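Undergrad:
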Amino acid sequence: MIVCVAVVGHQNNPLYLQSFTEADDELKLHHIVQCSLDVIDERVNNPKKTGPTLNETFLGLLYPTENYKVYGYLTNTKVKFIFVTTDLDVRDADVRNFFRRFHSAYVDAVSNPFHVPGKKITSRTFAERVSTIVKSFGMSAAA
Amino acid sequence: MEDYAEELRTPPVSLVSLVGCPELHATISSYLHSEQPPINTLALPDFSKISVMARTQKETLDSGHPGGILKRDWILKHRTRVPAVVAALFTSDHVSGDPAQWLQVCTDLENLKAVVRGRNIKLVVVVVHSTVKEHSCDAPASRKEVSLDTIEEKLVFNADEVSEDRMIALRKRAEVDSKYLVIFVQNDSSELKQSLNRQAIFFKLGSIFAELSNTYYRDEGRRIKTRIERKSFKSIELNIRYCFKARASTLFFSIKKCLIGCIMPSKLQTIVSFTDWKRNAEEISRVAVYAEFHRDWVEALRFYEDAYHVLREMIGTSTRLPAIQRLVEIKTVAEQLHFKVSTLLLHGGKVIEAITWFRQHNASYRKLMGAPEVVFLHWEWMSRQFLVFAELLDTSSTTILNTSTLILGTPERPLTEWELHSAYYYHLAAHYLREKRSCLELALSASETANEIDSNSESVIPSIYVGQSTRLLQQGDAFAMQHLTDAEYILFALAEGKRFQDSFEIIALFKKSFESYSDIKAQRMASYCGYRLAREYFSISDFRKAKQHFDGVASLYRHEGWVTLLWEVLGYLRECSRRIGSVKDFIEYSLEMAALPISSSAGVQSPNHKGEYGPAGPASLPQREIIHKEVFELIKGESVSASNEGASNLDITGDQPLHLEIDLVSPLRVVLLASVAFHDQVVKPGVPTLLTLSLLSQLPLPVEIDLLEIQFNQPECNFTITNAQKPPLVASSNGEEGLRVENAPVLALHMDKWLRLTYDVKSEQSGKLECISVIARMGSRFAICCRAESPASMDDLRLWKFEDRVETFPTKDPSLAFSGQKAIQVEDPDPQVDLILGATGPALVGESFLVPVRVVSKGHTIHSGELKINIVDAKGGGLVSPREIEPFSIDSHHVELLGILGPDGEDESQTGPENIRKIQQSFGLLSVPFVNIGESWSCKLEFKWHRPKPVMLYVSLGYSPHSNEATAQKAHVHKSLQIKGKTAVVIGHRFMLPFRRDPLLLSKIKPAPDSDQVASLALKETSILIISAKNCSEVPLQLLSMSIEVDEDENRRSCTVQHGGENPIDPALLVPGEEFKRVFSIIPEVNTPKLGVGTVCLRWRRNPGFEEKSCSGTIAAEVVTSHKLPDINVEMAPLIVSLKCLPHAILGVPFTCYIRIENQTQLLQEVKYSLADSQSFVLSGFHNDTIFVLPKSEHILGYKLVPLASGSQQLPRFTLTSVRYSAELQPALAAYTVFVFPSKPHFTVEDVGEKKTEPSATE
């Protein structure tokens, strides 16, 4: 189950962070998302020499922490998408699919002429789309 | 890792026992211990002690019915009690002594054999010779001991002491191979030989022990392996134990031979590969050992892993112990197995495998929490796993330096970066330990029988099995072990848990993780660890340390705009400040929190997650408002009580007013931001200008400011703004006298709304006027000093800039918001003095050009005036051009300031020394005397142009309008003028030959390469020099004289220069563009290729126009322009051809012309000549001929010509060729032109001819 998704701007500032847990552990998820930025920095600054990862936006598993796993995705504008899941076995294809859908939702949200680039995303439509994507991620994983 | 027993942490060391002859034990032990690999010795002084090696009763029993999985002391036993080899030491006296002694030897040997056989321990018999007789022994005889290779020899040599029969009997009794019967010679008389042989002999003794112990451990390993393979064990417990043992045996076996090789096989390989192993037998053996070890090592690992997996399977199946204890035991054993596997993997350099292994280990046991009462044990265990693995990673960190090159993990389960660093494991160790602590606290609070816990645990001790505990019961003198029930075990575990202070360990772990993450530049991970570290400090009430760490963390969150996290940290910081009693910090943190961009209204904290949030509660707008109210109550003087725990109350007292500073980088900019913009960029002194002061606060509730103080760099401009709605503060009234006070109707700041105030500011002082700070006073004891910022260069509020809100401008005028500055330039006072530069026209090169300067005072008196003069090349650059290096100009300046003439024309340099005066070539400085209003002062600047160059003349006058020099501002007047420099006259020259007289100049026919430019003249022949002077300026000039000045010395004789006519006594007026010419005749006297002719000197002056003459009254000074004539080449002409002919003819009238050929040489000259036909004339005479001209004589050719056409006509062309010189001479065309009249003109031919020919005749 995805417990948290986040959009982080190119200055490593949070643009959107939504948790999907009943429990009140939002703060912890904030911490987890923020810490994962270190891994992204590390991956971006020291890219692996293997060919196909050069222009790869999908960063894969960032790090496992106590009960969570953190996955990352980096757009060409250096905006990072991060999600935190409690699932132990996550299929790579699911994650890629999730990020692809999330990216298109993000693109739609920031294409709004009333949105100022670099500011937090407050669009309600975006939030709804994100929660749909998050829910469907759970579904496809179950299936 | 230190918790583990040493035998678990270090590689096994084989054990050898020495029995008998205790005096030798120390020597042998120390030698064996220093072996590579070392061998430990168990020294037993006599044979009565051998029972320690014997199998105990209990062991025999236990082997059938295991009470646990692993015995705690199994490895220890093999390291300290159960040797692989026993060496029985007998003195030779006893062996060869009387039957009683021999019997004793036999008995001892039998007893030893009985003990040894039970364990398959290998036996070595050593016979010690106390002395050696001085017989003819060679080197082997003098050895202290005899190796297996020389044993036969040795027996022979010692036959005189111990009979061979005895030796054989001894060997048979001992049932050892003959090579394991060793003779040891103790006292050798020859020290030298002893030391020489020591090394080799000890080596051989050592190798016997090593070989035997290898055999022992290998056999043991095989025995257990066979048992495993046959599945002959009765239970899974035994399986694990056997796997463990098998592994251990294997390891013993391998380590025996090469300890270094075992531990660092990769290193060894490196060493070997770099060594010339062909030459080094030892290295070869190491390679062999390595290869051997490698096989065993893999096997060891395999057995460990087998044991581990079997153990994992046991969890669901085993029912032997009560559930809780069973899990504890399994986990403890798993921990040890895992430790061994990890150690082997890491030491083998297989980091990735080790990490993957650890991950599996973690995954398989994480969920096995066990009974809820003792769940803390699980967390403690988890924490230990992470800690131990972190420490293992640290110790083997040298091998994982270049992790980036590793291919991380498997494709399906990639390893992430942090999993390679110990920091990750330290962090999680700390996390699980925290988990343990909270669970333990929960468990302790749940159990009401605290006293019972303490009493219960007293007699519980660790069992002989790993991971078990038993109760020690005292029954009379005897002790008995009793298994614990689970309930008892829980109590015991709780009691144990209570004994430890976990907080310090958690702090240590977090600190370690924090440092490690900082080292690898993972600042956010480090911050997170720092945050948790600080929380631990907070929980143990070490607020200063907590604050220090929180501060570090907060700065990162501020920087990156993680508001929720910042809120949390600030909440802690605020609480820390409150507990420490630091009012200022408390207010700062509170204000910052209140101004954070948090707008969610859901501020209700769910009660079941109280521990989740810090003291500030969840981030929300109501919470911000609460904090805002609280801090402003404090500011207003109401003391804030410490919330619940008894910390000191915070209060701002009257004698300690609080003053907050907000600078450009302060996080408190969100609390108060002061933007100051002047409406203009420059202002005249004394003229008021508008200034807009804009204040912005992000505090959630309106803030009333009592008083605003605006401070400038010119303190006299400072002013205060009071709030009309508040009574004036007492503090403000005692301020400086005369300070301006403004009154504003409203001084309230609303969230995210600019408060704009516009006032006049007037400065009397020129220079920069800058607003420095704005101080807002609230209450009598609180002030915020806010650094003023220019709207043009104002940074966004770091945290608020990411918020989706409407940007507002600090000023109403948007252009001012983009360009407004907090500083304004106050101009100098306007000068009321005129500076007039009166220059007329361009300057001429060579003359001294005067520029009159006039200072006229209109409204200011001039005190301490100073005139600065500067000349600059108008085209830019200096007045010196590096390309034109002038030989004549000593000073390289093309334009020069010569001097300054006073108003009356006298040189200013004669005036008093008090006048500041400095004149350089392009710069001048002079002081201007006092000039009253309406008066004027003037002077003249004298320049000289050396080259025609335009220059800019800058003159600036600085003066103070008031007599008081110290305070007065200087006013400045600047004037500039471009002055062109022109060449006045251009002098040209031209050499000409005499009319119709052409010398044959050989150098002209065959010119030397460099003589192109040089004019050649014939020696002692008159040549004509025409000097022309052209007026290039725009003013008429008066020529006074023109002459050629010959250099004095030798040139007087070498050439004669004569003026063609009379001197122009009457000064010739040369209007612009006109040319003046003068003719000179020149007769070279000396035959030289380079003859200086002289210098043309032209004296001239400006011709003053009518008006100028009348006003200036002075006549311009004379200027001499000189022009050096080029050198000429003088040579003797061998032949001279001259034409004698009338200058004109009449159509149809015949006339005669003569061509005279003069031979100037002493030689006979053969000359060919030719005469070309001309259509204008009919002629009679020879066309071609060759003639001979006698030396120093002449030959005349005569022709009769009849003109056929009128006008200017060419005579037939005459060409002469000198055979001697192969030179052709053709006179100039001009010389062969005559004018043919159509009919006889009305003047007499003689007259015209005379006049026309006159100049040529005279020259």
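Which chain is which? The protein sequence lines are A and B, in order.
Letter by letter, the first sequence follows residues 1 to 143 in the UniProt record's numbering.
Letter by letter, the second sequence follows residues 1 to 1259 in the UniProt record's numbering.
For glycine and all other residues, C-beta sits at the position ideal for the given N, C-alpha and C.
No experiment lies behind these values; they were computed from the predicted model shown.
#1: For the putative contact between B:V676 and B:I824, defined by C-beta atoms under 8 Å, what is the C-beta separation to the nearest angstrom?
#2: CB-CB under 7 Å to residue 178 of chain A, same chain, minus the five flanking residues each way: which ones, in chain order?
#3: On a Cα-Cα basis, can you pick out the residue from B:D1127, B:K726, B:D1173 that is closest to B:T1095?
#4: Suppose you measure from the CA of B:I775 to the CA of B:I662; what does that come to, to the nearest Å?
#5: Identify the residues that DSSP records as bridge partners of B:W754: which are they?
#6: Buried or exposed: where does A:L62 fall if 16 or more other Cβ atoms within 10 Å of its Cβ makes it buried?
#7: Express the C-alpha separation of B:Q1210 and B:L1040 in angstroms, rounding to a whole number.
#8: Compare the C-beta of B:L565 with all C-beta atoms of chain A and state if any pair is closer than 7 Å.
#9: How would you list, in chain order, the residues of chain B whose beta-carbon sits under 7 Å from the beta-carbon of A:K120?
#10: Under a Cβ-count criterion, where at least 16 other Cβ atoms within 10 Å of its own Cβ denotes burial, should B:N1129 be classed as buried or exposed?
#11: Please compile the residues from chain A whose C-beta is within a distance smaller than 9 Å of the C-beta of B:L428.
#12: Measuring CA to CA, which of B:S51, B:T91, B:T107 is closest to B:P83?
#13: Can you pull out the residues from the stretch 3-16 of chain A whose beta carbon lies closer than 8 Å to at least one beta carbon of chain B?
#14: Identify whether A:G72 lies in helix, strand or coil by the three-state DSSP scheme.
#15: If you check the beta carbons only, do B:K975 and B:L835 fall under 7 Å apart?
#16: Which residues does DSSP list as the beta-bridge partners of B:L708?
#17: If contacts are defined as beta-carbon pairs under 8 Å, then B:I979 and B:E942 qualify, I think. What distance do you get, rounded to the angstrom?
#18: Can you tell me the Cα-Cα spacing of B:E896 and B:G924, whole angstroms?
#19: Assign B:D796 to one of three DSSP states: helix, strand, or coil.
#20: Compute the Euclidean distance between the alpha carbons of A:V5 and A:F83, then round it to the nearest angstrom.
#21: With B:L428 as the anchor, note down where its beta strand (DSSP E) starts and where it stops.
#22: Check the DSSP bridge columns for B:E942 and list the partner residues they point to.
#23: Does the stretch 96-112 of chain A touch the stretch 69-79 of chain A, meaning 3 or more C-beta pairs lie closer than 8 Å?
#24: Taking 6 Å as the cut-off, is the beta-carbon of B:I121 closer than that to any non-hydrogen atom of the ligand ZN?
#25: Return the first residue and the last residue of the beta strand (DSSP E) that B:H659 is part of.
#26: Does the beta-carbon distance from B:T983 to B:P948 come in below 7 Å?
#27: Can you tell me whether DSSP reads B:L494 as helix, strand or coil?
#28: Using the rule of at least 16 other Cβ atoms within 10 Å of the residue's Cβ for burial, across every protein chain shown, is B:I871 buried or exposed?
#29: Between B:H863, B:E827, B:S922, B:G859, which has its C-alpha nearest B:D873's C-alpha?
#30: Assign B:F202 to one of three DSSP states: helix, strand, or coil.
#31: Taking 7 Å as the threshold (C-beta atoms), are B:E625 and B:I490 in contact?
#32: What does the alpha-carbon distance come out to for the pair B:L844 and B:W945?
#33: Cβ atoms of B:K868 and B:S956: under 7 Å apart, would you say?
#34: If we ignore side chains and look at the alpha-carbon of each, how far apart do B:E770 and B:V687 end up?
#35: For B:Y759, name the three-state secondary structure that DSSP assigns.
#36: Verify the CB distance criterion: does B:G370 have a CB-CB separation below 7 Å to chain A?
TA: Once the coordinates are examined:
#1: Reading the second sequence from its first residue, position 676 is the one you call residue 676 of chain B. Reading the second sequence from its first residue, position 824 is the one you call residue 824 of chain B. Not a contact, Cβ separation roughly 10 Å.
#2: This structure gives no information on residue 178 of chain A, because the portion of chain A shown stretches from 1 to 143.
#3: In the second sequence, counting from the first residue as 1, residue 1095 of chain B sits at position 1095. If you compare the alpha carbons of B:D1127, B:K726, B:D1173 with that of B:T1095, the shortest gap goes to B:D1127.
#4: Residue 775 of chain B sits at position 775 when you count from the first residue of the second sequence. Residue 662 of chain B sits at position 662 when you count from the first residue of the second sequence. Distance between the alpha carbons of B:I775 and B:I662: 10 Å.
#5: On the second sequence, position 754 is the one that residue 754 of chain B refers to. In the DSSP assignment, no residue is bridged to B:W754.
#6: As a first step, residue 62 of chain A must be located in the first sequence, where it is residue number 62. The residue is buried, with at least 16 neighbouring Cβ atoms inside 10 Å.
#7: Stepping through the second sequence from its first residue, residue 1040 of chain B is reached at position 1040. Stepping through the second sequence from its first residue, residue 1210 of chain B is reached at position 1210. Going by the C-alpha atoms only, they are around 42 Å apart.
#8: Stepping through the second sequence from its first residue, residue 565 of chain B is reached at position 565. Using a Cβ-Cβ cut-off of 7 Å, B:L565 counts as an interface residue toward chain A, since at least one Cβ of chain A sits closer than that to its own.
#9: Within the first sequence, numbered from 1, the residue matching residue 120 of chain A stands at position 120. What A:K120 touches in chain B: F802, E803, D804.
#10: Working through the second sequence from its first residue, we reach residue 1129 of chain B at position 1129. Looking at its Cβ environment, which holds 16 or more other Cβ atoms inside 10 Å, B:N1129 is buried.
#11: Position 428 of the second sequence, counting from 1, holds the residue named residue 428 of chain B. Taking the beta carbon of B:L428 as reference, the chain A residues within 9 Å of it are T65, E66, listed in sequence order.
#12: Here residue 83 of chain B refers to the residue found at position 83 when the second sequence is read from its first residue. The shortest C-alpha separation from B:P83 is found at B:S51.
#13: Contact residues of the stretch 3-16 of chain A toward chain B are G9, Q11, N12, N13, P14, L15 (C-beta to C-beta distance below 8 Å).
#14: Reading the first sequence from its first residue, position 72 is the one you call residue 72 of chain A. Note: A:G72 maps to strand in three-state DSSP.
#15: Your numbering for residue 975 of chain B matches position 975 in the second sequence. Your numbering for residue 835 of chain B matches position 835 in the second sequence. One thing to note: B:K975 has its Cβ within 7 Å of the Cβ of B:L835.
#16: The residue you call residue 708 of chain B lines up with position 708 of the second sequence. Bridge pairing for B:L708: B:I721, B:A776 [DSSP].
#17: Locating residue 979 of chain B in the second sequence gives position 979, where the first residue counts as 1. Locating residue 942 of chain B in the second sequence gives position 942, where the first residue counts as 1. At roughly 13 Å, the Cβ-Cβ gap does not stay under 8 Å, so B:I979 and B:E942 are not in contact.
#18: Start at 1 with the first residue of the second sequence, and residue 896 of chain B comes out as number 896. Start at 1 with the first residue of the second sequence, and residue 924 of chain B comes out as number 924. Their backbone Cα atoms lie some 11 Å apart in a straight line.
#19: Your numbering for residue 796 of chain B matches position 796 in the second sequence. Here B:D796 sits in coil by DSSP.
#20: The count along the first sequence starts at 1 and reaches residue 5 of chain A at position 5. The count along the first sequence starts at 1 and reaches residue 83 of chain A at position 83. Cα-Cα distance, rounded: 4 Å.
#21: In the second sequence, residue 428 of chain B corresponds to position 428, counting from 1. Per DSSP, B:L428 belongs to no beta strand (DSSP E); it is in the alpha helix (DSSP H), 422-446.
#22: Along the second sequence, read from residue 1 onward, the residue named residue 942 of chain B stands at position 942. Answer by DSSP bridge pairing, in chain order: B:L850, B:G899.
#23: These segments touch.
#24: In the structure on display, the ligand ZN does not appear, and there are no ligands present to speak of.
#25: Against the second sequence, residue 659 of chain B aligns to sequence position 659. Counting along the chain, the beta strand (DSSP E) containing B:H659 begins and ends at 658-662.
#26: One-based indexing of the second sequence puts residue 983 of chain B at position 983. One-based indexing of the second sequence puts residue 948 of chain B at position 948. It is a contact, given that the beta carbons lie within the stated cut-off.
#27: As a first step, residue 494 of chain B is located in the second sequence; it is residue number 494 there, counting from the start. In the three-state reduction of the DSSP assignment, B:L494 falls in the helix class, which pools H, G and I.
#28: Taking the first residue of the second sequence as position 1, residue 871 of chain B is located at position 871. Under this definition B:I871 is a buried residue.
#29: By one-based count along the second sequence, residue 873 of chain B stands at place 873. Distances from the CA of B:D873 to each of B:H863, B:E827, B:S922, B:G859 were compared; the closest alpha carbon is that of B:S922.
#30: Mapped onto the second sequence, residue 202 of chain B falls at position 202. DSSP places B:F202 in helix when its eight states are reduced to three.
#31: Taking the first residue of the second sequence as position 1, residue 490 of chain B is located at position 490. Taking the first residue of the second sequence as position 1, residue 625 of chain B is located at position 625. Contact flag unset, no.
#32: As a working note, residue 844 of chain B is residue 844 in the second sequence. As a working note, residue 945 of chain B is residue 945 in the second sequence. Their backbone Cα atoms lie some 7 Å apart in a straight line.
#33: As a first step, residue 956 of chain B is located in the second sequence; it is residue number 956 there, counting from the start. As a first step, residue 868 of chain B is located in the second sequence; it is residue number 868 there, counting from the start. The Cβ atoms of B:S956 and B:K868 sit closer than 7 Å to each other.
#34: Position 770 of the second sequence, counted from the start, is the residue given in the question as residue 770 of chain B. Position 687 of the second sequence, counted from the start, is the residue given in the question as residue 687 of chain B. Note on geometry: alpha-carbon atoms of B:E770 and B:V687 lie some 16 Å from one another.
#35: Taking the second sequence and counting its residues from 1, one reaches residue 759 of chain B at position 759. Here B:Y759 sits in strand by DSSP.
#36: For this step, residue 370 of chain B is matched to residue 370 along the second sequence. No, because no Cβ of chain A sits closer than 7 Å to the Cβ of B:G370.
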